[in-house]
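Chemist: Residue numbers (the working numbering): 897 to 1494.
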RNA sequence: GGCCCCGUAGCUCAGUGGAUAGAGCAAUUGCCUUCUAAGCAAUAGGCCACACGUUCGAAUCGUGUCGGGGUCACCA
């Protein structure tokens, strides 16, 4: 039970004993005490004044006195300012909390609740390499999945690969037309970048042809339809849907190149999936499903043969489900997939990590499921996140203003190398150890940067300034961890394990920073719950930053190894060990690893 | 135009009903003969977009205005 909830129930109990009235935890607030006041937790009394017909002063003192009397081991003092009742937690209670939990690597994590949740994230297109926006998606999805696991859910990570459609044909056509048989190997290019380049080439050529036709006097709209390369692409899409062997072969070959490239990047950024779905397969499911819906009257056909659903009574529009020529659209495959997911995995919830430009799309999907009477319609959750914008404007692949994922990763690793060499603290590391350290720090900086802000908010990235390694950053927290490891090394493993085995923590009085740390460590439990409730890793990022910051103040103020007494050394050792465990655990939820030295 | 999201320090962001609104970066100033200075301590920086309302109490809730973004495709 958390400190806050202990106080809450103690207050409820005291109010009943004092005044014979039943209150609930929602009837009053328990907050942390602001630093400028004396105390650890504050009971806000305003809401209780009227029902109890008491003045703040009297209620505060009566309640404080009663709480103190009946919770002797827990509350050690109180003071009342206006309608704020400030409570002190006793040193003994804090120390017993610490001794009980300091070496629990699972501290804060919840036991299994048998809820099955799927988190779908990443979901790339196979015609362009990953960029900064995808990184936010990947880190978010992965982290949310881990946070849900930490809360006792059974979690499956999945990805739907967008491997079919006219956009894929574009890079295929361009390759046929311009590559002269070149391959990623022959050009020494990473597969996804190789294919992405042909997607760009398509657009260049298309633009050139359109301009040419316009110069010949054609109206622009007509030119856009008649550009030869576009006509070829549409023809190719038809042949693809027919399964024409040479097209399928090319398609397989080019997707293979892309997957190889993606795998490399996924490996570097630590994304993994329990299940990968392919749109080239799920769209068939979706089509089949539309056919059934047409039979039972859920959907209707227009004169041109296209299939629709009317969602206007839900405040949405009529929505197309199948084109007149029978080919499927974006939503078609989603309908097929959603049913498969829930049925195959017996899910209690399915979370889609998709950008907020698709809020409407996801609403439509939910509404369609509701209309069709699917029991899982309300178990579909869209975790929408804001776009990553650049200080120089939006990222547009066609205009070459994207921040490429692989480039950024390389840059982050180069930066961490640069910082590390400049500081010169790990000159004795082997090549291999150095390489691992640069990865740890570079990825840590990048992941933390993208996860520290509320997912729902748009965020701005300045490509001119590289991601910082100081302050509210991953490396700052990793550094705190490394410092603690250094303390433990200094004391010597044998000695500190001996000290930890000694459960008799007899301390005169806790110093302010020692108290702050223990109280803040306890809040990790709550941070994990909150992060899961909000599907928001930034809760963890903010928490662990604050923890590291508090520890660094403590570290500067008090010595652990050379503490003023054996008891103090022992106490601070416990605090340090638990801080290191919670830092490691928090960062793990963000997909960030910790170095022993840096 | 309809619907949705956002507006907090020069910049990037916390805080979403409680006390004098907080961090980081950038700026200025101290602190390495004592566990790692990727750190610590301090100074400075705010009509929380604006107006009205609800409340004992509003950055937080409601309504309106202004500003920014998204979406409303036989694109994905």
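The beta-carbon is built from N, C-alpha and C at its ideal position, and this holds for glycine as well.
On the criterion of 16 or more Cβ atoms from any shown chain inside 10 Å, does residue 1388 qualify as buried, or is it exposed?
Modeler: Label assigned to residue 1388: exposed.
Chemist: Given a threshold of 16 other Cβ atoms within 10 Å of its Cβ, counted over all protein chains shown, does residue 1310 qualify as buried or as exposed?
Modeler: exposed
Chemist: Just list the alpha helix (DSSP H) runs in the region 1268–1327, keeping only unbroken ones of 4 residues or longer that don't cross its boundaries, in chain order.
Modeler: 1301–1319
Chemist: When DSSP labels each residue in this structure, what does residue 1486 get in the three-state scheme?
Modeler: When DSSP states are grouped into helix, strand and coil, residue 1486 belongs to the coil group.
Chemist: For residue 1329, does the three-state DSSP call read helix, strand or coil?
Modeler: helix
Chemist: Does the separation of the CB atoms of residue 1316 and residue 1232 fall below 8 angstroms?
Modeler: no
Chemist: On a CA-only basis, which of 1299, 1175, 1172, 1256 is nearest residue 1213? Give me that one, please.
Modeler: 1256
Chemist: Exposed or buried, what is residue 1141 when buried is set at 16 or more other beta-carbons lying within 10 Å of its beta-carbon?
Modeler: exposed
Chemist: Is the separation between the beta-carbon of residue 1092 and that of residue 1025 shorter than 8 angstroms?
Modeler: yes
Chemist: Name the two residues that bound the continuous beta strand (DSSP E) containing residue 1053.
Modeler: It spans 1050–1057 - the beta strand (DSSP E) in which residue 1053 sits, taken as one unbroken run.
Chemist: Between which residues of its own chain and residue 1276 is the CB-CB distance below 6 angstroms, once the five residues before and five after are set aside?
Modeler: 1246, 1262
Chemist: Beta carbon of residue 1339, beta carbon of residue 1304: below 8 angstroms?
Modeler: no
Chemist: Assuming residue 1420 and residue 1451 form a contact by the criterion Cβ under 8 angstroms, report the distance between their Cβ atoms to the nearest whole angstrom.
Modeler: The Cβ separation is near 19 angstroms, so there is no contact.
Chemist: Is it a yes or a no for the region 1103–1110 touching the region 1023–1043, going by three-plus beta-carbon pairs under 8 angstroms?
Modeler: no
Chemist: What first and last residue would you give for the beta strand (DSSP E) that runs through residue 1251?
Modeler: Membership of residue 1251 in the beta strand (DSSP E) is indicated by the continuous run 1245–1251.
Chemist: Using only alpha-carbon positions, find the residue among 1037, 1022, 916, 991 that is nearest to residue 1248.
Modeler: 1037
Chemist: Alpha carbon to alpha carbon, what distance is there between residue 1456 and residue 1464?
Modeler: Distance between the alpha carbons of residue 1464 and residue 1456 is about 8 angstroms.
Chemist: If distances are taken between C-alpha atoms only, which option among 1360, 1334, 1335, 1370 comes closest to residue 1347?
Modeler: Selected option, being the one with the closest Cα: 1370.
Chemist: Looking at the structure shown, is residue 983 part of a helix, part of a strand, or coil, going by DSSP?
Modeler: strand
Chemist: If you draw a straight line from the C-alpha of residue 1264 to the C-alpha of residue 1183, how long is it?
Modeler: 14 angstroms
Chemist: State the start and end residues of the unbroken beta strand (DSSP E) segment that holds residue 1214.
Modeler: 1214–1218
Chemist: Have a look at residue 1384 and residue 1159 and give me their C-alpha separation to the nearest angstrom.
Modeler: The alpha-carbon atoms of residue 1384 and residue 1159 are separated by roughly 38 angstroms.
Chemist: May I ask you to report which of helix, strand or coil DSSP gives residue 1148?
Modeler: In this structure, residue 1148 counts as helix in the three-state DSSP scheme.
Chemist: Which residues in the same chain have their Cβ closer than 8 angstroms to the Cβ of residue 1374, if we skip the five residues on either side of it in sequence?
Modeler: 1336, 1337, 1340, 1483, 1488, 1490, 1491, 1494
Chemist: Around the C-beta of residue 1230, are 16 or more other C-beta atoms found within 10 angstroms, so that it is buried, or is it exposed?
Modeler: With 16 or more Cβ atoms within 10 Å of its Cβ, residue 1230 is classed as buried.
Chemist: Distance check for residue 1062 and residue 1354, CA to CA, integer angstroms please.
Modeler: 29 angstroms
Chemist: Are the beta-carbon atoms of residue 937 and residue 1473 separated by less than 8 angstroms?
Modeler: Not a contact, by the Cβ cut-off of 8 angstroms.
Chemist: Identify, in the order they occur along the chain, each residue of the same chain with its Cβ nearer than 6 angstroms to the Cβ of residue 1280, setting aside the five sequence neighbours on each side.
Modeler: 1252, 1255
Chemist: Take residue 1477 and list the residues in its own chain whose beta-carbon comes closer than 8 angstroms to its own, dropping the five residues that flank it on each side.
Modeler: 998, 999, 1000, 1001, 1003
Chemist: In three-state terms, what does DSSP make of residue 1370?
Modeler: DSSP places residue 1370 in the helix class (H, G or I) of the three-state scheme.
Chemist: Can you tell me whether residue 1238 is buried or exposed? The criterion is at least 16 other CB atoms within 10 Å of its CB, across all chains shown.
Modeler: buried
Chemist: Is it buried or exposed, residue 1100, if we count other Cβ atoms within 10 angstroms and call 16 or more buried?
Modeler: When all chains shown are included, residue 1100 counts as exposed.
Chemist: Have a look at residue 1161 and residue 1125 and give me their C-alpha separation to the nearest angstrom.
Modeler: Distance from the CA of residue 1161 to the CA of residue 1125, rounded to the nearest whole angstrom, comes to 31 angstroms.
Chemist: To the nearest angstrom, how far is it from the Cα of residue 987 to the Cα of residue 1415?
Modeler: Roughly 11 angstroms separates the two Cα atoms.
Chemist: So for residue 1016, helix, strand or coil by DSSP?
Modeler: strand
Chemist: So which of 1361, 985, 1166 has the shortest CA-CA distance to residue 906?
Modeler: Among 1361, 985, 1166, the Cα nearest to that of residue 906 is on 985.
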